[in-house]
Every structure is written in C-alpha cells, then in structure tokens.
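Each number in our numbering comes from the position in the sequence shown (counting from 1) with 13 added on. The beta-carbon is built from N, C-alpha and C at its ideal position, and this holds for glycine as well. Everything on this sheet refers to the single structure shown next.
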Amino acid sequence: MEKILLVDDDEGLLHFLQRFFTKQGYSVRSCSSGQAALEIIAGEEFDLILLDYKMPGLNGLDTLKEVRRLQVKTPVIIMTAYGTTDTAIEAMRLGAYDYLLKPFDREELQRLAADALEVNSLMKQEVSFPGHACRPAAAVQKTVRIVGNHRRMQEVYKLIGQVADKDVTVLITGESGTGKELVARAIYHHSHRQNKPFMAINCAAIPEMLLESELFGYERGAFTGAERTHIGRFERCRDGTLFFDEIGDMSLATQAKVLRVLQYGEFERLGGKENIRINVRIIAATNKNLEKEVELGRFREDLYWRLKVISIHLPPLRERPEDIPALAEYFVSRFSEEYQTPIRYVSGPAMQKLTSHTWPGNVRELENCMRRAVLLSLGDVILEEHLKLDADPQAGPGARLDQLMASIDKKLEGLMPDILRLSTEKTHANVIDLVEKVLIAKVLEQCGYNQVKAAKLLGISRNTLRHRIKKFHFEASRPAGDSSSS
Numbered sequence: 014m015e016k017i018l019l020v021d022d023d024e025g026l027l028h029f030l031q032r033f034f035t036k037q038g039y040s041v042r043s044c045s046s047g048q049a050a051l052e053i054i055a056g057e058e059f060d061l062i063l064l065d066y067k068m069p070g071l072n073g074l075d076t077l078k079e080v081r082r083l084q085v086k087t088p089v090i091i092m093t094a095y096g097t098t099d100t101a102i103e104a105m106r107l108g109a110y111d112y113l114l115k116p117f118d119r120e121e122l123q124r125l126a127a128d129a130l131e132v133n134s135l136m137k138q139e140v141s142f143p144g145h146a147c148r149p150a151a152a153v154q155k156t157v158r159i160v161g162n163h164r165r166m167q168e169v170y171k172l173i174g175q176v177a178d179k180d181v182t183v184l185i186t187g188e189s190g191t192g193k194e195l196v197a198r199a200i201y202h203h204s205h206r207q208n209k210p211f212m213a214i215n216c217a218a219i220p221e222m223l224l225e226s227e228l229f230g231y232e233r234g235a236f237t238g239a240e241r242t243h244i245g246r247f248e249r250c251r252d253g254t255l256f257f258d259e260i261g262d263m264s265l266a267t268q269a270k271v272l273r274v275l276q277y278g279e280f281e282r283l284g285g286k287e288n289i290r291i292n293v294r295i296i297a298a299t300n301k302n303l304e305k306e307v308e309l310g311r312f313r314e315d316l317y318w319r320l321k322v323i324s325i326h327l328p329p330l331r332e333r334p335e336d337i338p339a340l341a342e343y344f345v346s347r348f349s350e351e352y353q354t355p356i357r358y359v360s361g362p363a364m365q366k367l368t369s370h371t372w373p374g375n376v377r378e379l380e381n382c383m384r385r386a387v388l389l390s391l392g393d394v395i396l397e398e399h400l401k402l403d404a405d406p407q408a409g410p411g412a413r414l415d416q417l418m419a420s421i422d423k424k425l426e427g428l429m430p431d432i433l434r435l436s437t438e439k440t441h442a443n444v445i446d447l448v449e450k451v452l453i454a455k456v457l458e459q460c461g462y463n464q465v466k467a468a469k470l471l472g473i474s475r476n477t478l479r480h481r482i483k484k485f486h487f488e489a490s491r492p493a494g495d496s497s498s499s
C-alpha cells in the first residue's frame, strides 16, 4: 500500500485530505508543522508528501530542503494559497514535483497525486540485468529484472553497462512489448543521475497540443483555461532523466522544439518569453523504423541523429525462444510472491506450450499470460489448461504460417532502406539472387546437403537445384567426404 504524508497547520484541511486519500486506498499520516514532518520522515519512508507552503516555524520551502536531504526521491507537492510564479519556480528549483493552489480542485488533486506516485514507483523500483549488481535492498522499494541469456540480449546488457553512466542520448528500438522502458530505467538506475528524477512520457498517448504543454509547461493566460503557470516535464525533471516512449509518434512541430532542447539546453514555456535553461538526459524509444520515417518526411533527420548517439535494439521474443523458460519462471516467482500463492514451477506440457508459441506481443504478452496463470492455478503447479494464448500456433498450420509471414514482412520492411540505397538498374535481380542464395544455403545445411531432400523442401526439381548450386558456387560449402548429394 502506497504511503502519503500530509503536512499542514490547517486541521480542517488535514482532515479532508486524510479522508480523501484513505478512501482511495492509500496509507495516510499527517502532522501540522515542518519540524514534526522532518521527525516522522527521519524514521519512515513515504511515496508522496503534500507540504503546505506557509506554516509557523519552518515554512514549506525550508522544510522541502530538508526533505530532499532525508528522502531524495520522494515526490513533494507544495500546497499554497499564496500561489505566484516566483513561488512555483522556487519550489521546482528546490526539487518539488509540482504545486497545488488552495482551494483544491478535487480532480486536479487526484490527477497530480496519481502522476507523482507513478513517478515515485519508476524511480524507486530498480531494474537489474545480468552482470550488474543492484544497490542494497534498503535503498529501493523492489527490484525487477531484465531476463535472458541469448547472445543478442548479452549485447544489450553490455551496451547498458557501457553507456549508463555517460551523459549521452540513447535511442532504444524494438517491437512493442520487448521491454524498452525497462532498458531505459536500467540505464537511469545505473547512472550518476540515479538520485535525480526519472520521468516517462508516452508520445503516442497524448494529443499534440497537450504534449507540448506537458513537456514545456505554459504561463498563466497562455491560452483559454490556463489559469495558473504550469511547470512542464523538462523543468520538473531538472538534472534527471526524461524518457520519451514512442517518440516516432511525436509531431514535427514538437520534434523541432525537442531538438532545440537537445542542441542548446533551453526552451520557452508556451506563452512565455524567458529562455529556461535545463540539464536533462534524454532516452527515447520507438517501435517504428525511424530511418524510413525520415525518408517519408515524418521524422526530422537532424533529431534522429541527435537521438541516435547510442542505439540499443531489443530482439523480439520469437527470435530468442531459449529465453522463454527463464522468463516464465521469473514471472511465476514474482507473481507468486505478489499474490501470496504457493506456486513453485511450470509443468512440462505447459512449458512446451509456452516455448512453441510465437509471442506476437513479446515479453509483455508472456508476462500477462503468466500473471493470469498464477491467479487461476489452484495448486502449486501451473498446468497447460491455465495458459491462455492468443493466435496459438497449436490452433493449426494456417495460424503458424500467418504469424511467420507477418514476421518475415516486418523484417523485410526494416531492410528496405538498405535495399533502396543500392539504386542500380539491376537492384531487383540482385536482391532476388541474394535472397535465393541465402535460402538455398540454409536449406542445404538443414538437409545435411542431401540434394533430393533440399529440392523437395524448396519446391523445385533436383536439376534446378544443381543449376543454382553451380551458379552460386556452393560446391565448396559441402562438408569434406559428404556423399549425400548423390
């Protein structure tokens, strides 16, 4: 249960806030002075602190300075009836998450608290990966792991370790559900900015105008409904790490403003005239082919190269099926602990069902599948009937073929920019020859260089296969002493 501390010398307001947050399922404590708050915080950790600005003794900003020293990452929302732009900016400079004007709008209070609690979770839930130790358990709420021993995942871990503590921009690519945000958080948790804010923003989930105001903030009166100065993510994330999820969906206009921040480290709030300087590390992720988006004019080339200082690509789960058992066991362990169930392992038939699935939703789909299985299992073993798989390959060869063709189509789409760079009169013929050469080589290898079997699998005559072998000079590829082609 998430814990909230309320600090205000108004007993009536404390009573209201205590009831408001308790009804939403939070554990709530309250006190009426800054000094009392510091005494509580010294012995107890909280997920969110709401702090009044004007109190006898230590005021809100002085208390905030001490809070930051005691609980570096806990989001603090300043509450004030004396809201001015100067108050807001000073609060943000000292590390406040945001500020609220009294009297409260309940929806605004609920939204802001929920946002702050999500940020708290992202900052305090450390992400580990093989080869790198986490900090002591007392320093974090909970640890989640990136799991996998596949060669391509080893390359991912190596890159995370190499760039985490360097102040460079990182672009993470891969299909939806491959774990791009986990990689971003792993970079953050192993960087020298780990005690500063980490904020994530989904560019695909927020309309263009709202995205700009959410990133850069706005001045009071900047547009209809702007009743107070709003501090954007860039300012709130001062000295921290800002993660742009699905940056390929960002509009060209917003891209231009983000590029300016990357180039000069400054921006203006909407409706403002003052240049605001910030120091924020950018990590971006996308499931789109940004090179293709650049060619189509939907993504700025200069921003693309600014983002791609370091690029980390996450392979889809279907390309590393040997990692499925380890992932399944990890999720079983994690969810068994979370839901207090006695499940210890996955049965053999159930694991076979998991490893034979192509996982179009990648690790996220596997995670959801295992969560559901843990909840449905009545004993200590997950059985085959506990697993619900969408587009199950066991449903028939048609489903498997559709999934395979979709996978091939996706890979070919990613190769198109390189193919188009050939730009010769014989591009089509060269590509066909290249594909045919690779296909025949792999089939021959799979069939142990038995030409009869290889021709049957390829759907061509043995004479045609012999002609292709001669054309592509495959004779030297046959293992020494092999007579299986006769």
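Cβ distance (whole Å) where residue i is taken to contact residue j below 8 Å
i    : j    : result
I54  : L83  : 5 Å
L114 : R241 : 6 Å
V20  : L64  : 5 Å
D22  : M92  : Going by Cβ atoms, the distance from D22 to M92 rounds to 11 Å, so no, they are not a contact pair.
I395 : T368 : The pair is not a contact, with the Cβ atoms about 14 Å apart (cut-off 8 Å).
I291 : R319 : Not a contact, Cβ separation roughly 16 Å.
S45  : K16  : Their Cβ separation, rounded to whole angstroms, is 18 Å, which puts S45 and K16 out of contact at 8 Å.
E135 : A213 : Just to set this straight, residue 135 is Leu in the shown sequence, not Glu. Confirmed, Cβ separation roughly 6 Å.
A298 : I185 : 4 Å
E248 : I289 : 7 Å
E397 : A363 : 5 Å
Beta-carbon proximity list for residue i, same chain, < 6 Å, skipping 5 on both sides
i    : result
N133 : D60, P88
H205 : D178
H243 : G230, Y231
R198 : V140
V85  : N208
G108 : R81
P210 : C250, G253
I323 : V176, V181, V183
V274 : F280
P172 : According to the sequence provided, residue 172 is Leu. The question's Pro does not apply to it. Only I325 meet the Cβ criterion.
Contacts around residue i, its chain only, beta-carbon distance under 8 Å, and the 5 residues preceding and following it disregarded
i    : result
G25  : none
S264 : E221, L224
V456 : A467, L470, L471
L30  : L19, D21, V41, S43, L63
M14  : G38, Y39, S40
A151 : At A151, the pLDDT of 40 sits below 50, so the modelled position is not reliable; the number obtained from the coordinates is stated separately. Correct list: empty, nothing qualifies.
Y170 : F142, P143, G144, H145, I159
Assigned secondary structure, residue i (DSSP; H/G/I helix, E/B strand, else coil)
i    : result
T191 : coil
E281 : coil
L130 : helix
E398 : helix
V20  : strand
I482 : helix
V183 : strand
V387 : helix
F487 : coil
V376 : helix
K171 : helix
V160 : coil
E139 : strand
K469 : helix
K286 : coil
K115 : coil
A177 : coil
E15  : coil
Cβ-heavy atom distance, residue i to the ligand ATP, below 7 Å
i    : result
E259 : You won't find the ligand ATP in this model; it holds no ligand whatsoever.
Cutoff 7 Å; reference residue i; Cβ partners in own chain excluding five residues on either side
i    : result
A235 : L283, G284
H202 : E139, V140
K36  : none
G192 : I159, L327, V376
Interface flag, residue i vs chain C, CB-CB below 8 Å
i    : result
T267 : Absence of chain C from the displayed structure is noted, only one protein chain being present.
Curious, which full-length alpha helix (DSSP H) runs of at least 4 residues does the segment 25 to 53 contain? none
Please give the ranges of any beta strand (DSSP E) in the segment 60 to 112, keeping only runs that are unbroken, at least 3 residues long and fully inside the region. 61 to 65, 89 to 93
For the segment 350 to 357 and the segment 311 to 324, state whether three or more C-beta atom pairs, one from each stretch, are separated by less than 8 Å. no
Using 8 Å as the Cβ pair cut-off and three pairs as the minimum, do the segment 372 to 388 and the segment 322 to 334 touch? yes
Uninterrupted alpha helix (DSSP H) stretches inside the segment 288 to 371 (no shorter than 4 residues): 303 to 308, 314 to 320, 337 to 351, 361 to 368
For the segment 203 to 259, which segments carrying the beta strand (DSSP E) assignment without a break, of at least 3 residues, lie completely within its bounds, in sequence order? 211 to 215, 254 to 258
With a floor of 4 residues, list each alpha helix (DSSP H) that falls wholly inside the segment 439 to 463, ordered by position along the chain. 440 to 459
Are at least three pairs of beta-carbons, each pair with one atom in the segment 108 to 126 and one in the segment 161 to 174, less than 8 Å apart? no
Any contact between the segment 380 to 388 and the segment 337 to 347? By contact I mean 3 or more CB pairs, one from each, below 8 Å. yes
Is it the case that the segment 267 to 283 contacts the segment 299 to 311, given that we only count it when at least three CB pairs across the two stretches are under 8 Å? no
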